[in-house]
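Residue 4 in UniProt numbering sits at position 4 of the sequence shown, with consecutive numbering throughout. Backbone N, C-alpha and C fix where the C-beta goes; we use that ideal spot for every residue, glycine too.
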Amino acid sequence: METPFWKTKTLEQMSPAEWESLCDGCGKCCLSKLEDEDTGEIYWTSVGCRLFDAQTCRCSDYANRLARVPDCVGLTPQNVRTISWLPSTCAYRLVAEGRDLYWWHRLVSGSAETVHEAGISMRGRVKASETDLAEPEDYFDYMLDHEP
1 METPFWKTKT
11 LEQMSPAEWE
21 SLCDGCGKCC
31 LSKLEDEDTG
41 EIYWTSVGCR
51 LFDAQTCRCS
61 DYANRLARVP
71 DCVGLTPQNV
81 RTISWLPSTC
91 AYRLVAEGRD
101 LYWWHRLVSG
111 SAETVHEAGI
121 SMRGRVKASE
131 TDLAEPEDYF
141 DYMLDHEP
């Protein structure tokens with residue numbers, strides 16, 4: 001049996017298709033996060049990006065997301081090593097740290113549904129869209145106690 005590419009290649013060595021396939025479809029990257037300006041601590045919310053489709057846990061306009069959402073962060077092999085808010089379960093983070101993917105990741109399980117079945121994704125857990133909120137203070141009502 002051939003060793004999976006994420007175990008043999010660095011993030012930089014991956015093809016665009018391999019890179020994209022690392023996304024597990026959890027949707028956690030697409031949640032609004034709050035940062036304490038004094039401490040740098042990140043607080044998760046249950047507020048989805050305006051382009052986030054909460055049913056599919058995918059961006060509704062992935063190809064144009066960086067142009068349409070000014071604070072959207074395009075992940076690269078360089079920045080996944082420095083972004084503090086990447087979920088602890090994120091495949092990009094795991095591979096960058098030399099760790100393996102979880103059993104529910106579609107590249108391991110063979111199914112894009114296992115991330116949802118395992119309760120890892122944000123499907124059914126997004127409580128608002130950023131388009132519903134007028135003021136920065138409105139996000140406080142949707143703060144989570146910990147990373148979802």
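Nearest candidate by alpha-carbon position, reference residue i, set the options
i	options	result
K33	I120, S84, E18	S84
L75	D141, L11, F140, E35	L11
V80	G98, F140, L133	G98
V73	G48, C30, A54, T114	C30
A54	Y139, D141, R125	R125
A128	F5, Y102, C49	C49
Three-state secondary structure (DSSP) of residue i
i	result
V47	strand
K28	helix
S129	strand
R99	coil
D141	helix
K33	strand
R58	strand
Buried/exposed call for residue i, threshold 16 Cβ in 10 Å
i	result
P87	buried
R123	buried
I120	buried
H116	buried
A96	buried
D24	buried
T114	buried
Chain-order list of residues whose beta-carbon lies under 8 Å from that of residue i (same chain, five-residue window excluded)
i	result
K7	D100
H146	W44
E41	E35
Pairwise C-alpha distance: residue j and residue i
i	j	result
A17	E2	18 Å
R93	W104	16 Å
L51	T131	9 Å
S60	A112	17 Å
P136	M143	12 Å
Q13	E20	13 Å
A63	V69	11 Å
K9	R106	18 Å
D38	G110	43 Å
P148	T89	10 Å
Contacts around residue i, its chain only, beta-carbon distance under 6 Å, and the 5 residues preceding and following it disregarded
i	result
L22	A91, Y92
Proximal residues to residue i (C-beta, below 7 Å), its chain only, five neighbours per side dropped
i	result
T56	none
heavy atom of the ligand HEM below 7 Å from residue i C-beta
i	result
R68	The ligand HEM is not among the ligands present in this structure, which contains no ligands whatsoever.
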